[in-house]
Amino acid sequence: MPRTVYRRPGERVFCFLLVVFSVYLFWQAYGISGFSELSSPGAFPLATSATMLLAACVVFVNTLKLPEAEGVRFFYHCFPPIVGIVMALILIFAIMLESLGFILSSFFFLFVGIQFLYQKSVLTTLSITVLSLVVVYIIFRLVFQVVLPEGIVPEREILAAIEQFWRG
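The sequence shown stops at residue 168 when you use UniProt numbering, and every number in between is there.
In structure tokens, the structure reads:
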């Protein structure tokens with residue numbers, strides 16, 4: 001027996017915003033090089049954004065057809081306090097990133113976020129934070145050579161000292 005699907009609070013608005021965002025991305029992709037030929041630089045972004053726009057339109061139309069769910073409150077079911085807290089942590093991380101740098105701001109973000117969500121001992125949280133930060137740093141900074149905001153940690157000097165140590 002098929003299960004009836006209901007529309008949650010805010011779902012129509014979200015789907016509409018998804019369509020608007022998809023139109024914007026499509027316009028930006030078109031601005032890369034228009035649609036002159038299949039091998040042009042904008043062909044792949046144009047095809048991707050067109051697919052996204054089509055999918056967003058289909059989802060929006062289907063959402064409009066759904067009956068509204070009863071007894072569902074937006075802030076309780078769709079946007080619980082934990083989501084707002086994590087969003088605030090991300091905002092604080094973004095603000096701290098330029099002044100403190102990647103290493104320190106990521107450390108604080110991961111430590112507070114993991115401690116808040118995982119709620120284990122401080123030592124466990126510290127271990128997970130340091131391990132995660134080391135792995136992310138190695139992958140992005142050393143392997144892919146992405147320049148990360150340095151901040152107050154003298155990252156270049158530390159890397160130069162490590163490199164000099166390995167060379168002898």
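Yeah, the Cβ is synthetic: ideal placement off N, Cα and C, and Gly gets one too. It should be emphasised that the depicted structure is a prediction, and the values quoted were computed from it without experimental measurement.
- Scanning the region 134-164 from its first residue to its last, no whole alpha helix (DSSP H) run of 4-plus residues comes out.
- Restricted to the region 45-114, the alpha helix (DSSP H) segments that are unbroken, complete and at least 4 residues in length are 81-100, listed in chain order.
- Proximity to K65 across G71, V72 and C57 peaks at C57, based on C-alpha coordinates.
- Excluding its 5 nearest sequence neighbours in each direction, V146 has C-beta neighbours in its own chain below 8 Å: F140, listed in chain order.
- Separation of S121 and E68 (C-alpha to C-alpha, rounded to the nearest whole angstrom) is 43 Å.
- Residue pairing of R7 in beta bridges, as defined by DSSP: E68.
- Note on A29: 16 or more other CB atoms within 10 angstroms of its CB, so buried under the neighbour-count rule.
- If you draw a straight line from the Cα of I90 to the Cα of F109, it comes to about 8 Å.
- Here C78 has R8, P9 and G10 as same chain residues with Cβ atoms under 7 Å from its own Cβ, once five neighbours each way along the sequence are excluded.
- For L54, the closest of V19, V13 and S99 by C-alpha to C-alpha distance is V19.
- Per the Cβ contact rule, the region 111-121 is not in contact with the region 149-167 (fewer than 3 Cβ pairs under 8 Å).
- L100 is positioned such that its CB atom lies closer than 8 Å to that of I152.
- Under the three-state reduction of DSSP output, S127 falls in the helix class.
- E70 has its alpha-carbon roughly 42 Å from the corresponding atom of S105.
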